[in-house]
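Trainee: This is the structure I have questions about; it appears just below.
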Amino acid sequence: MCGICGFLAGPGPEPGLEATARRMADTIAHRGPDGDGVWADGEAGIALGHRRLAIVELSPLGRQPMESADGRWVIAYNGEIYNFQDLRAELESAGHQFRGHSDTEVLLEGCAAWGVERTVRRLVGIFAFALWDRRERTLFLVRDHLGVKPLYWARMGGALLFGSQPKALRAHPAFAAEIDRDALSAYLRFSYVPAPHSIYQGVHKLEPGSILTVRPGREPERTVYWDAVGAARAGIADRLSLSDAEATDALESLLKDAVGRQMMADVPLGAFLSGGIDSSTVVALMQAQSARPVRTFTIGFGEDGYDEAVHARAVAAHLGTEHTELRVEASHALEVIPKLADWYDEPFADSSQIPTLLVSEMTRRSVTVALSGDGGDELFAGYNRYLTAPALWRRMAPLPAGLRRGAAGLIRAVRPAGWDALAGLIPEGRRPRQTGDKLHKLAGVLDAAGPDAIYRRLVSQWPDPDALVRGGREPHGPAWDDGLAASIPDFVERMQHLDSVTYLPDDILAKVDRASMGVSLEARVPLLDHRVVEFAWRVPQAQKLRDGKGKWLLRQVLYRHVPPALVERPKAGFAIPLDGWLRGPLRDWAEDLLDEGRLRREGFFDPAPIRACWTEHLAGTRNNQHRLWNVLMFQDWNRRWGSAAAPAPLAASAA
């Protein structure tokens, strides 16, 4: 796993290419502390930069940027190709001789032999790379199927810039750091900036499954080599007809292959273990294929209701892993917050970023590669909303809109803390966490016009962000696609798809990438092998959702290795006690960033709704932790990185 960057300035003698590319690469040195490299062609106006985290082929033969044997192609690549040995054998049988043993060389020579798109379609792995064709003077930017690895690009000052993180682009002299207020509106809704947008005007995230081709004298052209909605449609049209035992066998075999391939490394390897279904399944299949105890890592918080470490400890003991656990005090977690703007490089407000950073730091002290369980919820219907949203709509649809609004008012009449107190009467094993917050979120969807509107409300923090952002007009992405129901008619499957193309790459995978690569740790996600994704879409919903629980089929695989009693409990997520921290140790920090005068001077937000939200939270009448965290993470990011944009005039406010 590495960091890549570079730019295409156009033909003609171009001085200083290597120096500029090196400055860009230096900004992402944390992604690759084991080596660096720059390649440039002044006549063509192209420069590629690379920072290396050595995982496979640790010798200089794995150094990048790398040229093909015929000298035509040059690549800067970030990722891992898990089937590279198979591809290598095929190339060798055709007469190709390799210099080293890296997957980079196989990827490069595959493109030389078979062409870019044909090669990419054959890859099993996670990757983002820049490939330069010296003969045709054409640049290819490519991102993996699910968007595990990031890739940003922009056209500025006559040059096309690209990099693994925005800070690499910022190091180019043509970069213009102007905040995109429309993207800021979308960020306030989702807690992340959704692709293809970024926080900067003119800077784009290359979307998953895409190839961006930049030819001389032509506009960049994006083609799609793997399409998530196409995979969903194909799976729905070709459902598996397997008994429960046969389906469990098939999934276990596929997951075992995916996990086994991802255990490939020439450096120490381990896994994140929360004790939940997804990470426990990955670790169980790792241990089943390992001759020694797998190294597992988890963290726990001392606050009641936030400590998952005891569950991870029990799973680790049953599987016989070499387990490491870090007990995190609030003071330790709070030390991370000043680093978030540097680590995440864009405003990012999923508060589980903090424990993800902490577990990555701890894990990196022992290993260089860690497998993660991300993706199971989207593929096998594990999120609570996949159960609650359809049930809610079935109950809501027959009721008059006025009655629904009244019910919402009754829920809001009791503070979240009051609902939490009432929930204390429910036995602990069946008691949902954060009952009050969930009920107040329910109140926010009772007047929705249809099931898709319910989904949008459930995934929104600020439901009307344009009322907050001066001059912002939120771009509407896949969640507003009225035609999606024709392709994916089932509401639950539609939610799964939307999460897979929005929340998964732009939140979950971005969070893990920044946290792990921030400490030079490679994180791998075997559940997101695209073959597993395609299989999951063929599985009937009855083998995903059953008996009021999601991930039924994935659970059956896990139960072959771990007793159900060790993993069966209400879904919790990777949460921190942010609610109390904002009223306690973070209060002064938050007050400074949310100061009314400051908000007015900076000119991005209407201060009134933000101050009202803060006042409610401090008084304990509402738990507004997530809405406030969205604003705070932008404010802290903006303080760190700043903007060349002048504040919009007050008349432009949507408030």
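For the sequence shown, the numbering used here puts the final residue at 758, and the numbers step up evenly by one. Note that the Cβ used here is the ideal one computed from N, Cα and C, for glycine as well.
(1) Can Leu460 and Ala215 be called in contact, C-beta distance under 8 Å?
(2) Determine whether the beta carbon atoms of His153 and Pro168 lie at a separation below 8 Å.
(3) Let me know if Gln390 comes out buried or exposed under the rule of 16 or more other beta-carbons within 10 Å of its beta-carbon.
(4) Sorted by chain position, which residues of the same chain lie with C-beta nearer than 6 Å to Arg240's C-beta, five sequence neighbours on each side aside?
(5) Could you tell me which whole beta strand (DSSP E) segments of length 3 or greater appear in the segment 107–160?
(6) Quick check on this structure: which residue in Gly378, Gly575 and Arg742 has the alpha carbon closest to the alpha carbon of Leu422?
(7) If you draw a straight line from the alpha carbon of Ala645 to that of Phe232, how long is it in whole angstroms?
(8) Below 6 Å CB to CB, which residues in the same chain sit around Gln738 once its five sequence neighbours on both sides are set aside?
(9) Could you give the C-beta distance for Lys614 and Ser454, rounded to a whole number, given that I count them as a contact under 8 Å?
(10) To the nearest angstrom, report how far apart Leu429 and Ala417 are at their CA atoms.
(11) In whole angstroms, what separates the C-alpha of Trp565 from that of Pro535?
(12) For Val670, does the count of other Cβ atoms within 10 angstroms reach 16, so buried, or fall short, so exposed?
(13) Do Pro280 and Tyr303 have their C-beta atoms closer together than 8 Å?
(14) Which same chain residues, not among the five before or five after Ala415, have their C-beta less than 6 Å away from its C-beta?
(15) Just confirm the distance between the C-beta atoms of Leu495 and Val548, as a whole number of angstroms; I'd bet it's less than 8 Å.
(16) Quick one, are the C-beta atoms of Pro450 and Trp740 less than 8 Å apart?
(17) Are Leu357 and Phe638 close, meaning C-beta to C-beta below 8 Å?
(18) Please state the DSSP three-state secondary structure of Glu428.
(19) Does the distance from the CB of Gln365 to the CB of Leu474 come in under 8 Å?
(20) Assuming Gly580 and Thr605 are in contact, meaning their beta carbons sit under 8 Å apart, how far apart are those beta carbons, in whole angstroms?
(21) Please name the residue in Gly174, Leu263, Lys270 and Glu170 whose C-alpha comes closest to that of Trp744.
(22) Roughly how many angstroms separate the alpha carbons of Leu315 and Leu309, rounded to a whole number?
(23) Helix, strand or coil for Val636, going by three-state DSSP, please let me know.
(24) So Ile402 is in the beta strand (DSSP E); what residue range does that whole segment cover?
(25) Buried or exposed: where does Trp176 fall if 16 or more other Cβ atoms within 10 Å of its Cβ makes it buried?
(26) If Ala350 and Leu656 are in contact, beta carbons under 8 Å, what's the gap, nearest whole angstrom?
(27) Identify which residue in Arg730, Ala711, Ser383 and Val209 has its Cα closest to the Cα of Glu183.
(28) Compute the Euclidean distance between the alpha carbons of Leu624 and Tyr328, then round it to the nearest angstrom.
(29) In this structure, does DSSP put Arg658 in helix, strand or coil?
(30) How would you label Gly218, buried or exposed, when you count the other beta carbons within 10 angstroms and need 16 or more for buried?
(31) By DSSP, does Trp740 sit in helix, in strand, or in coil?
(32) Apart from the five residues on each side of it in sequence, which residues of its chain come closer than 8 Å, Cβ to Cβ, to Ala589?
(33) Under the rule that 16 or more other beta-carbon atoms within 10 Å means buried, what is Asp691, buried or exposed?
(34) Look at the alpha carbon of Gly260 and the alpha carbon of Phe278, and state the distance between them as a whole number of angstroms.
(35) On the CB-based measure, 16 or more other CB atoms within 10 Å of its CB, does Pro458 come out buried or exposed?
(36) Can you tell me which of Thr130, Leu612, Ala128 and Leu161 puts its alpha carbon nearest to the alpha carbon of Thr471?
Mentor: On the basis of the data shown:
(1) no
(2) yes
(3) buried
(4) Ala147 and Pro319
(5) 138–144 and 149–155
(6) Gly378
(7) 39 Å
(8) Leu696
(9) About 10 Å separates the two Cβ atoms, so there is no contact after all.
(10) 15 Å
(11) 24 Å
(12) buried
(13) This sequence places Ala at residue 280; Pro is not what is there. Closer than 8 Å, so yes.
(14) Leu376, Ser377, Gly378 and Thr401
(15) 7 Å
(16) yes
(17) yes
(18) strand
(19) yes
(20) 7 Å
(21) Lys270
(22) 8 Å
(23) helix
(24) Arg398 to Phe404
(25) buried
(26) 6 Å
(27) Val209
(28) 28 Å
(29) helix
(30) exposed
(31) helix
(32) none
(33) exposed
(34) 8 Å
(35) buried
(36) Leu161
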